[in-house]
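Asker: Quick one: the structure is below, and I'll ask about it shortly.
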Amino acid sequence: MQSEVASSETVAETPVTETKPAAASSGMTLAELQKNHNSFRGPLAQGVIMHKNIPTEWDGAAGTNVVWKAEVPKHGFNSPVIWGDKLFVSGADNASREVYCYNRNDGKLLWTGVADNISGSPATPPRVTEDTGLSAPTLTTDGNAVFAIFGTGDLIAFDMNGKRLWARNLGVPDNHYGHSSSLISWNGKLLVQYDTNRGGKVMALDNKSGETVWETQRNSKISWASPVLAEVDGKYQLVLTADPIVAGYDVETGEELWSVECMMGEVGPSVGYADGIVVAANEYARMVAIDIRTQEVLWEDDFYLPEAASILAHDGLVFVATSYGVFVCYDLKEGELLWEDDFGSPVYSSPVFADGKVYLMDNDGVMRIYEFSRELKKVGENELGEMSGPTPAFADGRIYIRGEKDLFCIGK
Numbered sequence: 003m004q005s006e007v008a009s010s011e012t013v014a015e016t017p018v019t020e021t022k023p024a025a026a027s028s029g030m031t032l033a034e035l036q037k038n039h040n041s042f043r044g045p046l047a048q049g050v051i052m053h054k055n056i057p058t059e060w061d062g063a064a065g066t067n068v069v070w071k072a073e074v075p076k077h078g079f080n081s082p083v084i085w086g087d088k089l090f091v092s093g094a095d096n097a098s099r100e101v102y103c104y105n106r107n108d109g110k111l112l113w114t115g116v117a118d119n120i121s122g123s124p125a126t127p128p129r130v131t132e133d134t135g136l137s138a139p140t141l142t143t144d145g146n147a148v149f150a151i152f153g154t155g156d157l158i159a160f161d162m163n164g165k166r167l168w169a170r171n172l173g174v175p176d177n178h179y180g181h182s183s184s185l186i187s188w189n190g191k192l193l194v195q196y197d198t199n200r201g202g203k204v205m206a207l208d209n210k211s212g213e214t215v216w217e218t219q220r221n222s223k224i225s226w227a228s229p230v231l232a233e234v235d236g237k238y239q240l241v242l243t244a245d246p247i248v249a250g251y252d253v254e255t256g257e258e259l260w261s262v263e264c265m266m267g268e269v270g271p272s273v274g275y276a277d278g279i280v281v282a283a284n285e286y287a288r289m290v291a292i293d294i295r296t297q298e299v300l301w302e303d304d305f306y307l308p309e310a311a312s313i314l315a316h317d318g319l320v321f322v323a324t325s326y327g328v329f330v331c332y333d334l335k336e337g338e339l340l341w342e343d344d345f346g347s348p349v350y351s352s353p354v355f356a357d358g359k360v361y362l363m364d365n366d367g368v369m370r371i372y373e374f375s376r377e378l379k380k381v382g383e384n385e386l387g388e389m390s391g392p393t394p395a396f397a398d399g400r401i402y403i404r405g406e407k408d409l410f411c412i413g414k
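Below you can see the structure in the form of structure tokens.
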């Protein structure tokens, strides 16, 4: 079911600074997106990064290979997103919800945008758990604007200089942990997964106005996972996972293209996608590999399952991080377990492929680096000096990590 209901609030303010806008989203190529890190887990939200010369050694406490370190005013579990020289994160508490823009070269805080005076926003924020909070979803940017959503249901857009463009409330999410599904900007549209205890839906909003382009109700229950873009025969689908379905949607119309009933429980990990295969999993349920063209379940497993960390699929391999500190690699097509590394530390951050390696941050702030290989080959372990749950961002030979209190830029 789709509808054309739209409601948004436009607010004009004076820009903080001047900057040259990026090309329109509708004309943005994948190669241009890959120069940046514009959403959760990077372009297409798949956890596959094209940047090279990524560092493999650092010490956050000692300052070794730390280019800069900057405090974030308010807490949040969202990951950094990057466009050009600007880096964005959000933070929130019961008093206010905020978006922060940093210069990614030196860590200077350029501006702060406050999500206030939004029609429909609750006077008192909903109750959330400490390990989710009110600013768990990662922001997204198209190079012209940055978009943020909070656990109150407030969705807001700022231009790259901090001018507030529009804001709207999607309805306070009925979510017993807190809303955590991240945003994706694609082809001029802001894609929103909004699965709550009252039911699920996926929406596309116009980047410039915030008005609803399409809205599709989903045969799903509550979810904490985030959407992933998947290219199929030259066209892109939006792939979502929740209890009980994994499903693909047309990004232009919102039409549900396919669904497979295979999940259960409180689904947090986003899917992995590579080589025409979607891999979905959830702790206390199972992991399944689905042929995106035929919807055939190619294989399934129920031993090593993630609770929060999203799945990384790339070039014939699948990587899964459990919440109890086991990192495993499977063959994508056959489901064969190739190797496992049991380090015993909890993990919420998602694994990322970059520069021929796989990077995985644990909750204690230790980044483990592995060769992208069918055999277990460790490259190194590096300590941040802070607890860390968000997934790192990568750009131009640097790693951007959000710790419990600070942002770190790691570089050679």
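In the numbering used here, the protein residues as written are 3 to 414.
Each residue gets a CB set at the ideal place from its N, CA and C atoms; glycine is no exception.
Would you tell me roughly how many angstroms separate the C-alpha atoms of residue 311 and residue 349, rounded to the nearest one?
Answerer: Looking up residue 311 in the sequence shown gives position 309. Looking up residue 349 in the sequence shown gives position 347. Using only the alpha carbons, I get a separation of about 7 Å.
Asker: Hey, could you find the ends of the alpha helix (DSSP H) residue 240 is sitting in?
Answerer: On the sequence shown, residue 240 is found 238 positions in, with the first residue counted as 1. Annotation for residue 240: no alpha helix (DSSP H) segment contains it, though the beta strand (DSSP E) segment containing it runs 237-243.
Asker: With a Cβ-Cβ cutoff of 7 Å, do residue 240 and residue 253 count as a contact?
Answerer: For the purposes of this step, residue 240 is taken as residue 238 along the sequence shown, with counting starting at 1. For the purposes of this step, residue 253 is taken as residue 251 along the sequence shown, with counting starting at 1. Yes, Cβ-Cβ distance for residue 240 and residue 253 is below 7 Å.
Asker: With 16 other CB atoms within 10 Å as the buried threshold, where does residue 146 fall?
Answerer: Along the sequence shown, read from residue 1 onward, the residue named residue 146 stands at position 144. Buried: at least 16 other Cβ atoms inside 10 Å.
Asker: Is the stretch 88-98 touching the stretch 130-137 in the sense that three or more CB pairs, one from each, lie closer than 8 Å?
Answerer: In short, these stretches touch, since the Cβ pair count reaches three.
Asker: On the three-state DSSP scale, how would you describe residue 309?
Answerer: Reading the sequence shown from its first residue, position 307 is the one you call residue 309. DSSP places residue 309 in coil when its eight states are reduced to three.
Asker: Can you say whether residue 407 is buried or exposed, counting buried as having 16 or more other CB atoms within 10 angstroms of its CB?
Answerer: Stepping through the sequence shown from its first residue, residue 407 is reached at position 405. Under this definition residue 407 is an exposed residue.
Asker: Cα-Cα, which of 131, 101, 345 and 154 is closest to residue 121?
Answerer: Locating residue 121 in the sequence shown gives position 119, counting from the first residue. Looking at the Cα atoms, 154 is the closest of the given residues.
Asker: Measuring straight from C-alpha to C-alpha, what distance separates residue 175 and residue 194?
Answerer: Translated into the one-based positions of the sequence shown, residue 175 becomes position 173. Translated into the one-based positions of the sequence shown, residue 194 becomes position 192. Their backbone Cα atoms lie some 13 Å apart in a straight line.
Asker: Between residue 204 and residue 256, what straight-line distance do the alpha-carbon atoms span, to the nearest angstrom?
Answerer: Here the question's residue 204 lines up with position 202 in the sequence shown. Here the question's residue 256 lines up with position 254 in the sequence shown. Those two C-alpha atoms are separated by around 8 Å.
Asker: Whose C-alpha, out of 103, 212 and 189, is nearest the C-alpha of residue 157?
Answerer: By 1-based counting over the sequence shown, the position of residue 157 is 155. The shortest Cα separation from residue 157 among 103, 212 and 189 belongs to 212.
Asker: Looking at the unbroken alpha helix (DSSP H) that takes in residue 35, where does it start and where does it end?
Answerer: By 1-based counting over the sequence shown, the position of residue 35 is 33. Residue 35 -> alpha helix (DSSP H) spans 32-36.
Asker: Does residue 323 pass the burial test, meaning 16 or more other C-beta atoms within 10 Å, or should it be called exposed?
Answerer: Reading the sequence shown from its first residue, position 321 is the one you call residue 323. Its Cβ being crowded by 16 or more others within 10 Å, residue 323 is buried.
Asker: Please state the DSSP three-state secondary structure of residue 185.
Answerer: Locating residue 185 in the sequence shown gives position 183, counting from the first residue. Here residue 185 sits in coil by DSSP.
Asker: Taking Cβ positions, are residue 368 and residue 342 nearer each other than 7 Å?
Answerer: Taking the first residue of the sequence shown as position 1, residue 368 is located at position 366. Taking the first residue of the sequence shown as position 1, residue 342 is located at position 340. No. Outside cutoff.
Asker: Please give me, in chain order, every unbroken run of the beta strand (DSSP E) with length at least 3 that falls completely inside the stretch 347-401.
Answerer: 354-356, 359-363, 368-373, 380-385 and 395-397
Asker: Tell me whether residue 100 is buried or exposed, calling it buried when 16 or more other Cβ atoms sit within 10 Å of its Cβ.
Answerer: Here residue 100 is taken as the residue at index 98 of the sequence shown, counted from 1. Under this definition residue 100 is a buried residue.
Asker: How about the stretch 44-61 and the stretch 216-231: do they share at least three Cβ pairs that are nearer than 8 Å?
Answerer: yes
Asker: Could you check if residue 410 is buried or exposed, using at least 16 other CB atoms within 10 Å of its CB as the buried criterion?
Answerer: Position 408 of the sequence shown holds residue 410. Buried is the call here.
Asker: Can you grab the Cα-Cα spacing for the pair residue 208 / residue 168, in whole Å?
Answerer: What you label residue 208 is simply residue 206 of the sequence shown in a count that begins at 1. What you label residue 168 is simply residue 166 of the sequence shown in a count that begins at 1. If I take the Cα positions, the gap works out to 11 Å.
Asker: Quick one: measure Cβ to Cβ for residue 197 and residue 244, integer angstroms, because I've assumed they're closer than 8 Å.
Answerer: Here residue 197 is taken as the residue at index 195 of the sequence shown, counted from 1. Here residue 244 is taken as the residue at index 242 of the sequence shown, counted from 1. Correct: roughly 5 Å between the Cβ atoms.
Asker: Tell me the start and end of each unbroken beta strand (DSSP E) in the stretch 139-198 that is at least 3 residues and wholly inside, in chain order.
Answerer: Fully enclosed beta strand (DSSP E) runs of 3 or longer: 147-151, 156-161, 166-171, 186-188 and 191-195.
Asker: Is DSSP giving residue 94 helix, strand or coil here?
Answerer: Reading the sequence shown from its first residue, position 92 is the one you call residue 94. Here residue 94 sits in strand by DSSP.
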